[in-house]
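Asks: Pasting in a structure now, in structure tokens, and then I'll have a few things to ask.
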DNA sequence: CTGAAAGCGCTAACAA
DNA sequence: TTGTTAGCGCTTTCAG
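Chains as they are written, first to last, in the UniProt record's numbering: chain U, 1 to 360; chain H, 1 to 360.
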């Protein structure tokens, strides 16, 4: 086995407590004592057993971040931001993915590494309010993502309806009239409130246009292939939209690929808007207009909220917090061909951080 | 504090051991005893404290995977594969990123979460052989990535030189003569063996072409913006390559973006080849020809190797293992416009799994 | 400023 | 089949 405090103490001829003091940088240790102990530590190659420390202290300094799919750049980018935000508070992040399976989402939020992770940030897809309400685990949980829950947990999400409406408004402003929505869900379970779809509907109505259900295409997943397939399906059944608003960037990118393959011009024939602002969207042959949630704000808010609860500094009511977002106009809707990654960072619009009626 | 075994035992009126037996599904427990205990567990909402279990057992079931940047889809995709592979062995993965900083790479491989992670899979960039040799930490380490080390650790990496040569050969076979390399490093430290660059050089020479150093462009990082900048720099200094081989897909994608912005046609004017086969490469307006390492094989091999050492089943010599790869020809080099994601999965070529001279 | 001892919650001998 | 008990390595009172 490894070298323990006891071994070091023996070697240095001091008590275990003294070694502990040195290891933990306890201030009141005489320099010569410190030196002596340090030497023993070095000689033996001692490294503290964090597991034991965790057991003793009742916390580990590890938080988990669970996403549907790491292969989706949005979540990968978000994970990176969360790792950084957590590091600022001396927390390490354990990233897991649920593969978009309800079962795994349940597992993660119920009994995942109990007592090993201090808290959890979860971006669910299939979880229902009831699942959350039935949650046994007592460690703090912060929810991310598009869905809203009536459960007593903090939720960090941009105003999806407003953002979707802004995207659609942009298309309408461009003179588009037949605007399709790609990425509605096909779950057999009751269709959850789809905020982005609702935004599409509301804005069309507000603009005096009819939200034609024939222009709504469901997808199985949220990837490029799903977007490509959805676009094909739409075209194949004879629909000719003049614009497409996709649930996310990947679906939008897949759809664009299909359009190009079929010889349709973007944005001339069909304009495309996505959602997420993954880096890829800035660099495609045709850069993508998209709703850009402020990922760093989301990460920071989620981690801050979690850490606050962890530190017992806050037992306030759970809140819904809305970080900022902005619509980034690029070539796929006729936006200027600005060099990607340059000259377009006005900063996201300020989010609404004010308390909202607690979800439960 | 939480509910412990003792609490449950008390409640059920049995000993602590009996509860432990139930929790661990120890077979020899009478059904009625099991039921009684289970009831107490449910009533109290008991969940085992894994930290205590870890301390007792000396292992945690957690392995770490450290990559330079999660924002790079290659690493995100690989992380997903590793999480899945680890789950098969009942291991959980803690993903961390080093932000491409040498300091963080050192930290991760030296004292990262000591005794909390059972082992580490690391994809380094800046680490030197000497760093590895000086490593104190005794937990198993498996290395991934392009660099080769003379250190006593398992290394999983495709044959980068051969793969690069195959990519260049493909371009030469297309009649290209002025083939640029994008993504050489600009580190102030001594330039490490750059296998892909070496492959470029070797293949050009073998083809009777001269590897013109003016066609090699260094980049600061490995992202799309770096690729775009490198391509711009090359064109700005008046070079007119007829093909580009990039260190990775992101650089290739960025370069393509620049070419399109400047009105150059891909592949007609300039053909482009990348490396990594990230999903994005299949779905761009112009799909990207690329070297596709077998990510799932890499993940599986890395995890298997680590788990083997963890279980003490193997204290064999560290090995270099080369998983398979394949060159996927797509539109950026004039490949047929096959629908993305379809009809092109002959499976990677078999890798060389035979033992090679141990790295140390 | 340093030492002795208790105990975090669990597992695994060993006993009964 | 179930109970008792001794630690895993650490932090933390409480004395000295």
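Quick reminder that beta carbons are idealized off the backbone N, C-alpha and C, glycines included.
Let me see if you follow: with CB-CB separation under 8 Å, is residue 296 (chain H) close to chain U or not?
Replies: One-based indexing of the second chain puts residue 296 (chain H) at position 296. Residue 296 (chain H) does not count as touching chain U.
Asks: Counting only Cβ-Cβ distances shorter than 7 Å, please list the residues of the segment 20 to 51 of chain U near chain H, keeping chain order.
Replies: Answer set for the segment 20 to 51 of chain U: 45, 47, 48, 49, 50, 51.
Asks: Kindly list, in the order they appear in chain U, the residues whose Cβ is closer than 7 Å to that of residue 152 (chain H).
Replies: Reading the second chain from its first residue, position 152 is the one you call residue 152 (chain H). Residues of chain U passing the Cβ test: none, with the nearest at roughly 17 Å.
Asks: Is it buried or exposed, residue 45 (chain H), if we count other Cβ atoms within 10 angstroms and call 16 or more buried?
Replies: Counted from its first residue, the second chain places residue 45 (chain H) at position 45. Label assigned to residue 45 (chain H): exposed.
Asks: At least one CB of chain U closer than 8 Å to the CB of residue 166 (chain H): is that the case?
Replies: Taking the first residue of the second chain as 1, we reach residue 166 (chain H) at position 166. Not closer than 8 Å to any Cβ of chain U, the Cβ of residue 166 (chain H) fails to qualify, so no.
Asks: Name, going along the chain, the residues of the segment 229 to 256 of chain H whose beta-carbon falls closer than 8 Å to a beta-carbon of chain U.
Replies: Going along the segment 229 to 256 of chain H in chain order, one finds 253, 254, 256 with a Cβ nearer than 8 Å to chain U.
Asks: Give me the residue from H:115, H:143, H:328, H:93 with the minimum Cα distance to residue 127 (chain H).
Replies: As a first step, residue 127 (chain H) must be located in the second chain, where it is residue number 127. Nearest C-alpha to residue 127 (chain H): H:143.
Asks: Are residue 123 (chain H) and residue 75 (chain H) closer than 8 Å when you measure CB to CB?
Replies: Taking the second chain and counting its residues from 1, one reaches residue 123 (chain H) at position 123. Taking the second chain and counting its residues from 1, one reaches residue 75 (chain H) at position 75. Closer than 8 Å, so yes.
Asks: Any beta carbon of chain H sitting closer than 8 Å to that of residue 83 (chain U)?
Replies: The count along the first chain starts at 1 and reaches residue 83 (chain U) at position 83. Output row for residue 83 (chain U): interface = yes.
Asks: Between H:197, H:223, H:176, which lies nearest to residue 333 (chain H) when the distance is taken from Cα to Cα?
Replies: Position 333 of the second chain holds residue 333 (chain H). Of the listed residues, the one whose Cα sits closest to residue 333 (chain H) is H:176.
Asks: Measure the C-alpha to C-alpha separation of residue 172 (chain H) and residue 207 (chain H) and round it to an integer number of angstroms.
Replies: The residue given as residue 172 (chain H) occupies position 172 in the second chain. The residue given as residue 207 (chain H) occupies position 207 in the second chain. Approximately 8 Å between the Cα atoms of the pair.
Asks: Using a Cβ cut-off of 8 Å (strictly closer), state whether residue 161 (chain U) contacts chain H.
Replies: What you label residue 161 (chain U) is simply residue 161 of the first chain in a count that begins at 1. False, the Cβ-Cβ gap to chain H never drops below 8 Å.
Asks: Counting Cβ pairs, one atom from each stretch, are 3 or more of them under 8 Å apart for the segment 293 to 300 of chain U and the segment 243 to 256 of chain U?
Replies: Not touching, per the Cβ criterion.
Asks: Among H:139, H:167, H:245, which residue has its Cα nearest to the Cα of residue 309 (chain H)?
Replies: The residue labelled residue 309 (chain H) in the question sits at position 309 within the second chain. Closest by alpha carbon: H:139.
Asks: In chain U, what lies closer than 8 Å to residue 309 (chain H) by C-beta?
Replies: Here residue 309 (chain H) refers to the residue found at position 309 of the second chain. None at all; the shortest Cβ gap to chain U is about 16 Å.
Asks: For the segment 101 to 121 of chain H, list every residue whose C-beta sits within 7 Å of some C-beta in chain U, in sequence order.
Replies: Residues 111, 113, 114, 115, 116.
Asks: Which class does residue 308 (chain U) belong to by DSSP, given the choice of helix, strand or coil?
Replies: Walking along the first chain from the start, residue 308 (chain U) turns up at place 308. Of the three classes helix, strand and coil, the one that applies to residue 308 (chain U) here is helix, per DSSP.
Asks: Could you check what DSSP says for residue 320 (chain H) in three-state terms: helix, strand or coil?
Replies: Position 320 of the second chain, counted from the start, is the residue given in the question as residue 320 (chain H). Reduced to three states, the DSSP call for residue 320 (chain H) is strand.
Asks: In terms of alpha-carbon separation, which member of H:162, H:12, H:319 lies closest to residue 35 (chain H)?
Replies: Position 35 of the second chain, counted from the first residue, corresponds to residue 35 (chain H). When only C-alpha atoms are compared, the closest one is H:12.
Asks: Comparing the C-beta of residue 279 (chain H) with each C-beta of chain U, is any distance below 8 Å?
Replies: Locating residue 279 (chain H) in the second chain gives position 279, where the first residue counts as 1. Residue 279 (chain H) counts as touching chain U.
Asks: How would you list, in chain order, the residues of chain U whose beta-carbon sits under 9 Å from the beta-carbon of residue 97 (chain H)?
Replies: Counting from one through the second chain, the residue named residue 97 (chain H) turns up at place 97. What residue 97 (chain H) touches in chain U: 79, 80, 83, 84.
Asks: Who are the near neighbours of residue 117 (chain H) in its chain, counting only those whose CB is closer than 8 Å to its CB and skipping five residues on each side?
Replies: As a first step, residue 117 (chain H) must be located in the second chain, where it is residue number 117. Around residue 117 (chain H): 60, 62, 63, 64, 94, 139.
Asks: At least one CB of chain U closer than 8 Å to the CB of residue 330 (chain H): is that the case?
Replies: Taking the second chain and counting its residues from 1, the one referred to as residue 330 (chain H) is at position 330. Not closer than 8 Å to any Cβ of chain U, the Cβ of residue 330 (chain H) fails to qualify, so no.
Asks: Can you tell me where the beta strand (DSSP E) holding residue 128 (chain H) begins and where it ends?
Replies: Taking the second chain and counting its residues from 1, the one referred to as residue 128 (chain H) is at position 128. No beta strand (DSSP E) contains residue 128 (chain H), which DSSP labels as neither H nor E.
Asks: Can you find a C-beta in chain U that's less than 8 Å from the C-beta of residue 88 (chain H)?
Replies: Locating residue 88 (chain H) in the second chain gives position 88, counting from the first residue. No - not a single Cβ of chain U is within 8 Å of the one on residue 88 (chain H).
Asks: Between the segment 126 to 137 of chain H and chain U, which residues of the former have a C-beta closer than 9 Å to a C-beta of the latter?
Replies: Of all residues in the segment 126 to 137 of chain H, 136, 137 have a Cβ within less than 9 Å of some Cβ in chain U.
Asks: Using the beta-carbon count (16 or more within 10 Å), is residue 357 (chain H) buried or exposed?
Replies: For the purposes of this step, residue 357 (chain H) is taken as the residue at position 357 of the second chain. Confidence is the limiting factor: at residue 357 (chain H) the pLDDT is only 42, short of 50, which leaves the residue's position unreliable, though a coordinate-based value still follows. When all chains shown are included, residue 357 (chain H) counts as exposed.
Asks: Thinking residue 246 (chain H) and residue 274 (chain H) are a contact (beta carbons under 8 Å), I'd like their distance in whole angstroms, please.
Replies: Here residue 246 (chain H) is taken as the residue at index 246 of the second chain, counted from 1. Here residue 274 (chain H) is taken as the residue at index 274 of the second chain, counted from 1. Their Cβ separation, rounded to whole angstroms, is 5 Å, which keeps residue 246 (chain H) and residue 274 (chain H) in contact under 8 Å.
Asks: Nearest-angstrom Cα distance between residue 78 (chain U) and residue 31 (chain U)?
Replies: What you label residue 78 (chain U) is simply residue 78 of the first chain in a count that begins at 1. What you label residue 31 (chain U) is simply residue 31 of the first chain in a count that begins at 1. Their Cα atoms are separated by approximately 45 Å.
Asks: Are the CB atoms of residue 80 (chain H) and residue 71 (chain U) nearer to each other than 8 Å?
Replies: Counting from one through the second chain, the residue named residue 80 (chain H) turns up at place 80. Counting from one through the first chain, the residue named residue 71 (chain U) turns up at place 71. Contact flag set, yes.
Asks: Hey, does residue 54 (chain H) have any beta-carbon neighbour from chain U nearer than 8 Å?
Replies: Residue 54 (chain H) sits at position 54 when you count from the first residue of the second chain. Yes, contact with chain U.
Asks: Are there three or more Cβ pairs, one per stretch, closer than 8 Å when the segment 101 to 111 of chain H is compared with the segment 108 to 115 of chain U?
Replies: With the cut-off at 8 Å, the segment 101 to 111 of chain H and the segment 108 to 115 of chain U do not touch.
Asks: Any Cβ of chain U within less than 8 Å of the Cβ of residue 285 (chain H)?
Replies: In the second chain, residue 285 (chain H) corresponds to position 285, counting from 1. Closer than 8 Å to some Cβ of chain U, the Cβ of residue 285 (chain H) qualifies, so yes.
Asks: Please give me, in chain order, every unbroken run of the alpha helix (DSSP H) with length at least 4 that falls completely inside the segment 67 to 105 of chain U.
Replies: For the segment 67 to 105 of chain U, whole alpha helix (DSSP H) runs of length 4 or above, ordered along the chain, are 73 to 88.
Asks: Whole angstroms are fine: how far does the CA of residue 83 (chain H) sit from the CA of residue 22 (chain U)?
Replies: Translated into the one-based positions of the first chain, residue 22 (chain U) becomes position 22. Translated into the one-based positions of the second chain, residue 83 (chain H) becomes position 83. Straight-line Cα distance between these residues: approximately 37 Å.
Asks: Are there 16 or more other CB atoms within 10 angstroms of the CB of residue 288 (chain U), so buried, or fewer, so exposed?
Replies: What you label residue 288 (chain U) is simply residue 288 of the first chain in a count that begins at 1. The residue in question, residue 288 (chain U), is buried, as its Cβ has 16 or more Cβ neighbours within 10 Å.
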